[in-house]
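Each residue of the sequence shown is one higher than the last, beginning at 281 in this note's numbering. Step one of this worksheet: look at the structure below.
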Amino acid sequence: MRSLFPKLTLAFLVVALVSVLVVGYAASSAAQRELDSYLKRGTSGQRLAAAASALSSYFEEHGSWDGVSGLVHSVADQGEGRLVLANSDGTIIADSAGRLTGKRIGRSALPLAAPIQVQQRIVGYVYFQLDEARPDLGPLGAMGRLMRRDMPGSADRSSTKQSQSGAVDSPAAGEVAAGGPIDAQAVGPAESSFLRSLADSLWLAALLATVVAVGLSVLLAHQIASPVRRLTRAAREVARGNLSQRVDVSSQDEIGELAAAFNAMADQLQRNELARRHMAADVAHELNTPLSVIRGNLEAMLDGVVPVERDQVASLYEESLLLSRLIADLRDLSLAEAGQLKLQRFRENVNSLIRRAAERLQPQVEAKGVTLQVEVYEDLPPVLVDGDRIVQVLANLLSNALRYTPSGGVITVGARRYGGAAGGGSSVVEITVSDTGAGIPAEDLRHVFDRFYRADHSRSRSTGGSGLGLAIVQQLVQAHGGKVWAESEEGRGSTFHFTLPCSAGMHPAVESA
């Protein structure tokens with residue numbers, strides 16, 4: 281049984297059947313108990329009435345209660361109960377157990393007593409007394425003994441006791457014996473018919489409940505197993521490479537959440553696969569460009585078309601450097617994305633890092649006729665960073681700004697502190713690089729940190745860069761525990777922000793990946 285559907289169906293069915301059987305058994309047992317109790321109460325009342333009739337006949341025949349003890353013992357033995365007889369003023373004159381003679385009827389026993397009438401006159405009371413030796417008889421007292429079923433041979437023992445006690449033989453006493461405790465014959469045709477009808481009704485209800493349980497079990501199991509099957513088929517399609525496979529989200533429960541999560545996973549896998557293919561194509565293109573230049577020039581030199589001169593060799597050397605930088609950028613980007621880039625962290629002064637990056641780019645800035653402004657706060661706290669990598673981040677941002685800023689424009693780099701003692705929370709240093717270039721369109725702004733992405737698609741590699749600089753910036757900043765984002769307005773320039781956590785409470789030097 282490997283499928284979820286039969287397992288769920290069987291589980292629901294077992295629970296339903298067990299519930300039906302338990303309810304049916306409990307209902308049947310309760311009905312049987314109530315019927316037995318009803319019949320027993322009726323029989324006990326008949327016995328008490330028979331005992332009162334026998335004692336009434338005795339008083340009418342003798343005119344007094346003298347010598348009635350024998351009859352009391354006889355009736356008590358035949359009914360297997362403790363019989364108590366009191367005269368008209370409530371004084372007990374006979375007790376089959378011989379314990380209460382001479383006492384008065386208690387308040388608890390008075391409601392159980394039946395009056396004995398002779399010629400419309402009450403001459404006494406009779407009742408069955410609680411047997412102290414039998415506490416298990418329950419709240420009805422000695423009447424509980426009358427509710428027990430007779431054991432075989434009990435009639436013979438009663439007759440023997442009656443003969444030995446010398447009890448008065450009277451028709452009334454015989455009536456009590458005839459009315460004896462409930463046995464199989466006490467349940468008449470009406471009662472038997474009632475029990476059979478009740479049993480048939482219970483079995484029919486159980487059958488109907490079973491049919492309904494089977495139907496509901498199949499329906500519920502199908503509702504649970506069906507979307508799981510669809511998810512399984514879709515997962516197999518994704519495993520085969522069909523990343524366009526999706527499943528319908530038809531509910532808001534856990535199964536629906538699972539389907540939505542699967543669709544989100546498939547979307548991300550499809551985007552990653554598309555990015556991987558584009559990256560492979562972009563890498564091939566970026567590497568092929570300098571290689572083509574080098575190969576073409578070397579072939580021309582070998583063929584004698586181009587003379588082997590210093591300027592030509594210098595051009596090939598620059599192309600090889602460009603190729604080396606591209607390979608190094610790809611390597612750094614791959615290591616940073618995999619979390620394997622080694623960082624030598626030390627406490628560094630942010631102003632010093634900004635000045636180092638600005639000095640590195642100063643010749644290109646002057647050559648293009650752009651103004652580079654540095655605006656920093658002197659009370660900036662130190663940051664725990666790899667200084668060379670942060671200078672690389674700043675250099676990439678400044679190079680990107682310089683590339684898109686026309687002559688006469690302005691590039692501004694600055695830093696300030698946020699949070700900490702004044703603002704609360706953790707303290708960070710935010711560094712910004714802004715320019716007065718053409719700006720970035722809104723539809724391109726969210727892609728500027730993607731690999732090989734150029735906001736100006738008309739630019740070539742030589743004028744627009746390789747498209748890896750900002751992707752490296754993002755990975756390096758995130759490796760230091762910071763975040764980076766960009767803001768831009770077309771026609772008014774762009775601003776790139778990134779944060780670095782302050783070094784308060786950190787070890788002064790640490791190597792990390």
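By construction, the Cβ of each residue, glycine as well, lies at the ideal position given by its N, Cα and C atoms. Predicted, not measured: the structure shown is a model, and the values here were computed from it.
Could you tell me which uninterrupted beta strand (DSSP E) segments, each at least 3 residues in length, are contained entirely in the stretch 582–656, listed from first to last along the chain?
-> 623–628 and 651–656
Identity of the residue in Pro686, Ile670, Val498 and Gly773 nearest Pro721 by Cα = Cα-wise, what sits closest to Pro721 is Gly773.
Might you give, ordered along the chain, the residues of its own chain that have their beta carbon closer than 8 Å to the beta carbon of Val498, omitting 5 neighbours on each side?
-> Thr289
Under 7 Å between the Cβ atoms of Ala489 and Val302?
-> Not a contact, by the Cβ cut-off of 7 Å.
Exposed or buried, which one is Asp436 when buried takes at least 16 other CB atoms within 10 Å?
-> Because Asp436 carries a pLDDT of 37, less than 50, the predicted location of this residue cannot be relied on, and the following value inherits that uncertainty. When all chains shown are included, Asp436 counts as exposed.
First through last residue of the alpha helix (DSSP H) which encompasses Val758 = Note on identity: in this sequence residue 758 is Gln, with Val being the wrong assignment. According to the DSSP assignment, Gln758 belongs to the alpha helix (DSSP H) that extends over Gly749 to Ala759.
Counting only the same chain and skipping the five closest in sequence on each side, list residues whose C-beta sits under 7 Å from that of Leu660.
-> Val630, Asn631, Ala695, Arg697 and Val709
Range of the contiguous beta strand (DSSP E) that encloses Asp715 = Val708 to Asp715
Would you kindly work out how many angstroms separate the C-alpha atoms of Leu623 and Asp528, rounded to a whole number?
-> 46 Å
Can you grab the Cα-Cα spacing for the pair Met431 / Tyr407, in whole Å?
-> For Met431, the pLDDT reaches just 31, beneath the cut-off of 50, and the residue's location in the model is therefore unreliable, although a value from the coordinates is still provided. Each residue's alpha carbon lies about 24 Å from the other.
Span separating the alpha-carbon of Leu567 from that of Pro507 | Rounded to whole angstroms, Leu567 to Pro507 spans 47 Å at the Cα level.
Out of curiosity, what's the CA-to-CA distance linking Gly350 and Ala334?
-> 12 Å
What's the C-alpha gap between Ser368 and Ser344?
-> 11 Å
Going by Cα to Cα distance, which pick from Ile691, Arg510 and Gln758 is closest to Ala637?
-> When Ile691, Arg510 and Gln758 are compared, the shortest CA-CA separation from Ala637 is found for Ile691.
Would you mind reading off the limits of the beta strand (DSSP E) that contains Gly773?
-> Counting along the chain, the beta strand (DSSP E) containing Gly773 begins and ends at Gly773 to Pro781.
Could you pull the start and end residues of the beta strand (DSSP E) that Asn367 belongs to?
-> Leu363 to Asn367
Sequence-distant residues of the same chain with beta carbon closer than 7 Å to Lys648, five excluded per side = Leu682 and Ser687
Residues in its own chain within less than 6 Å of Tyr657 by CB, not counting five upstream and five downstream?
-> Arg696
Mapping DSSP to helix, strand and coil, what is Trp765?
-> strand
How about Ile711 and Phe778: are their beta carbons less than 7 Å apart?
-> yes
Arg510 - DSSP class collapsed to helix/strand/coil | helix
Would you mind reading off the limits of the beta strand (DSSP E) that contains Ala694?
-> Per the sequence shown, the amino acid found at residue 694 is Gly instead of Ala. Here the beta strand (DSSP E) through Gly694 covers Val690 to Tyr698.
Length of the line joining the Cα atoms of Ala616 and Gln755 | When rounded, the distance between both Cα atoms is 6 Å.
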